[in-house]
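I have placed the structure first, in the form of structure tokens, so that the comments after it can refer back to it.
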């Protein structure tokens, strides 16, 4: 029987079906300090073991300071307690932890792919909504809540209702200044913030085939901003080239066997999708969000739309903007380059190329936060850190940082931030902060130009 | 946890679309390592002014709404982050039922997993309930929402309905299949 890529992986992991629910086996469970403590506590209260510590990996990312000197002694007592509690829980239950001292520390969605933990054909969960990121490698990856984290701790399984499948077909060669971030923002702007609700999205088409793996990770990362818990891309030669030789990737003969085992991972026919939407990116322009959800996004040179709902009205008021303005009119003061969406080495290369030999504008503070220690190390080796620092940017240690502002990194009230992160919700980057989502390329241009502009 | 079958209460109305989890509970409340104590955090950005004082006319602060166990909202409720703290905050505040047009999939499961009901009703039905503004009876046994002369039926997958009606512990339910889980592990890990 013909099947989609998603169904092939799903069915291999079904332990049992009860009514409409499938009990799914989870190959890899990634955890961090914010959504795991209550689940560990749940195990203790019921005197349960963590079933497969060898399939569970932990990192510290949401609360970790990005200023090096602040990492040794965290001032915020609650943050410190949450991080200490993760370390204690991992020690008690035998889970491998990449703490702040580790050379493999980083944002949970960076380290999975980077360390060869996230592999094609696997089921991967994490108590974080951006877990679809790992789907870019051909894995079935999704975000879960803390009750489900506890289910997976105790049983390595969880109940799931199989979603419908949606094919998102991307075609055409994008312009040099257009990236995966622009593509996903455009998809959400055109189809709304809940177009993917109830669906697992598979991205395909010639644009995807030609897209580097790091860009695919950025694309799948924001599936949840379109309402979809899952985003997936067929594993291909690019995927294999990406995963080979990483810390936990099978080696030698084992790698050959692994490659063999995933050779059937593709959708047999696009007619199998429950729904298909398409986007031609040939003439796509860089995208910028102006409002308080990711669908409130326009082309860089497009005027902000009229007010059509009370939600629009609230958004314009919150952002201090009005219809008819354009991105270049936004009084930007801050630029953030980083996050699980755009904190990869390729993102930093793109930004550094823009900033090479230039300095950022006087009205701008620009902070670059690598997604992981490995990215930071690579950026140092390639001279990118030098380029950023000479341009006047502040280079930080890895973490979620200004994307959700849970640590000390916060955008001041009413300050407009050009941000490579994934959410522009009210207060997301700090109380009353104003976020403008965009690609690392445009964020770097903005830092140099002093306004949102391609120069 | 308590099972849920019939909830009788007036409703608090925040009839907006895309209420995200950063609004339901902002990140500064996520540093707790406990499952309870989030009642004061619910809707904090809309509920308190810049000095931290309650905004009088915000629905959660209105005297007439105190003790309500039902919240009526718009479409795509609970979108954004996976934080189960959003479900815990609703629960701690006393909301046993949310009636919305649609939900983010992660929030939907989080609320259910705390044995609370994310109920889906169309816009016209929700508007009728809001206009009537009287006590609502949500009956999960026969899957109806009734108030005054109004009575609407709603859909929910049977497994989730049963979970709420029985107050099931999810892990116990999975552990019934431990032999099959081991069989799966043996099969794939030998390969």
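Chains as they are written, first to last, in our numbering: chain A, 73 to 527; chain B, 142 to 332.
Just so it is clear, CB atoms sit at the ideal spot from N, CA and C, and this is done for glycine as well.
Quick caveat, the model's predicted, so the values are computed rather than measured.
Under 7 angstroms from the C-beta of residue i: neighbouring residues of chain A
i	result
residue 161 of chain B	497
residue 402 of chain B	The question about residue 402 of chain B has no answer, for chain B in this structure spans 142 to 332.
residue 176 of chain B	110
Delimiting residues of the beta strand (DSSP E) encompassing residue i
i	result
residue 292 of chain B	291 to 294
residue 96 of chain A	93 to 97
residue 103 of chain A	100 to 103
residue 491 of chain A	488 to 491
residue 303 of chain A	302 to 304
Nonlocal neighbours in the same chain, by C-beta distance under 6 angstroms from residue i, ignoring five residues either side
i	result
residue 153 of chain B	200, 206, 209 and 212
residue 502 of chain A	477, 482 and 483
residue 388 of chain A	394
residue 151 of chain B	209 and 276
residue 288 of chain A	208 and 305
residue 181 of chain A	202, 205 and 412
Sub-7 angstroms separation of residue i and residue j beta-carbons
i	j	result
residue 489 of chain A	residue 406 of chain A	yes
residue 376 of chain A	residue 390 of chain A	no
residue 409 of chain A	residue 492 of chain A	yes
residue 197 of chain A	residue 108 of chain A	no
residue 258 of chain A	residue 374 of chain A	no
residue 494 of chain A	residue 507 of chain A	no
residue 274 of chain A	residue 299 of chain A	no
residue 210 of chain A	residue 337 of chain A	yes
residue 242 of chain A	residue 277 of chain A	yes
residue 444 of chain A	residue 178 of chain A	yes
residue 190 of chain A	residue 202 of chain A	no
residue 598 of chain A	residue 167 of chain A	There is simply no residue 598 of chain A to check, as chain A begins at 73 and stops at 527 in what is shown.
Among the options, nearest to residue i - alpha-carbon criterion
i	options	result
residue 77 of chain A	A:159, A:369, A:212 and A:516	A:212
residue 106 of chain A	A:93, A:132 and A:98	A:132
residue 355 of chain A	A:319, A:254, A:441 and A:505	A:254
residue 215 of chain A	B:189, B:264, B:194 and B:225	B:225
residue 485 of chain A	A:177, A:272, A:505 and A:258	A:505
residue 98 of chain A	A:420, A:119, A:113 and A:125	A:125
residue 200 of chain A	A:219, A:189, A:209 and A:192	A:219
residue 322 of chain B	A:518, A:451, A:84 and A:427	A:84
residue 324 of chain B	A:379, A:480 and A:86	A:86
residue 244 of chain B	B:232, B:263, B:234 and B:235	B:263
residue 321 of chain A	A:188, A:119 and A:226	A:188
residue 186 of chain B	B:278, B:166 and B:273	B:166
residue 564 of chain A	A:479, A:256, A:281 and A:246	Because chain A is modelled from 73 through 527, residue 564 of chain A falls outside the range shown and cannot be assessed.
residue 368 of chain A	A:404, A:261, A:432 and A:453	A:261
residue 163 of chain B	A:151, A:500 and A:474	A:500
residue 260 of chain B	B:235, B:327 and B:279	B:279
residue 81 of chain A	A:175, A:339, A:392 and A:345	A:339
residue 414 of chain A	A:386, A:312 and A:447	A:447
Chain-ordered neighbours of residue i on chain A, where CB pairs are closer than 8 angstroms
i	result
residue 279 of chain B	Result: empty, since nearest Cβ-Cβ is about 22 angstroms, beyond 8 angstroms.
residue 315 of chain B	95, 223, 226, 227, 229, 230 and 231
residue 298 of chain B	91, 92, 93 and 233
residue 259 of chain B	Ordered by position in chain A, no residue passes the 8 angstroms Cβ test against residue 259 of chain B, which lies about 12 angstroms from the chain.
residue 243 of chain B	266 and 269
residue 186 of chain B	498, 499 and 503
Proximal chain B residues relative to residue i, where beta-carbon distance stays under 7 angstroms
i	result
residue 151 of chain A	172
residue 476 of chain A	168
residue 365 of chain A	159
Interface residues of chain B facing residue i [CB-CB closer than 8 angstroms]
i	result
residue 456 of chain A	Within 8 angstroms Cβ-Cβ: nothing; residue 456 of chain A doesn't reach chain B, min ~29 angstroms.
residue 216 of chain A	223, 247 and 250
residue 540 of chain A	Outside the displayed span of chain A (73 to 527) sits residue 540 of chain A, for which this structure offers no information.
residue 107 of chain A	223, 224 and 225
Contact set between residue i and chain A, taken where Cβ atoms lie within less than 9 angstroms
i	result
residue 219 of chain B	In chain order: nothing, as chain A lies at least about 10 angstroms away.
residue 302 of chain B	Within 9 angstroms Cβ-Cβ: nothing; residue 302 of chain B doesn't reach chain A, min ~10 angstroms.
residue 216 of chain B	266
residue 211 of chain B	Simply none; closest approach about 22 angstroms.
Same chain, Cβ closer than 7 angstroms to residue i, five either side skipped, listed in chain order
i	result
residue 400 of chain A	523, 524 and 525
residue 460 of chain A	424, 427, 440 and 467
residue 294 of chain B	284 and 285
residue 268 of chain A	238, 295, 298, 299 and 300
residue 307 of chain B	144
residue 451 of chain A	417, 420, 442 and 457
Residue range of the unbroken alpha helix (DSSP H) whose run includes residue i
i	result
residue 193 of chain B	Where residue 193 of chain B is concerned, there is no enclosing alpha helix (DSSP H), given that its DSSP letter is neither H nor E.
residue 226 of chain B	226 to 234
residue 181 of chain A	180 to 186
residue 153 of chain B	Where residue 153 of chain B is concerned, there is no enclosing alpha helix (DSSP H), although the beta strand (DSSP E) it sits in stretches over 152 to 155.
residue 324 of chain A	324 to 333
Amino acids of chain B, ordered along the chain, whose beta-carbon sits closer than 9 angstroms to that of residue i
i	result
residue 262 of chain A	Ordered by position in chain B, no residue passes the 9 angstroms Cβ test against residue 262 of chain A, which lies about 16 angstroms from the chain.
Proximal residues to residue i (C-beta, below 8 angstroms), its chain only, five neighbours per side dropped
i	result
residue 233 of chain B	177, 178, 179, 180 and 183
residue 404 of chain A	435, 436, 488, 489, 490, 508, 518, 522, 523 and 524
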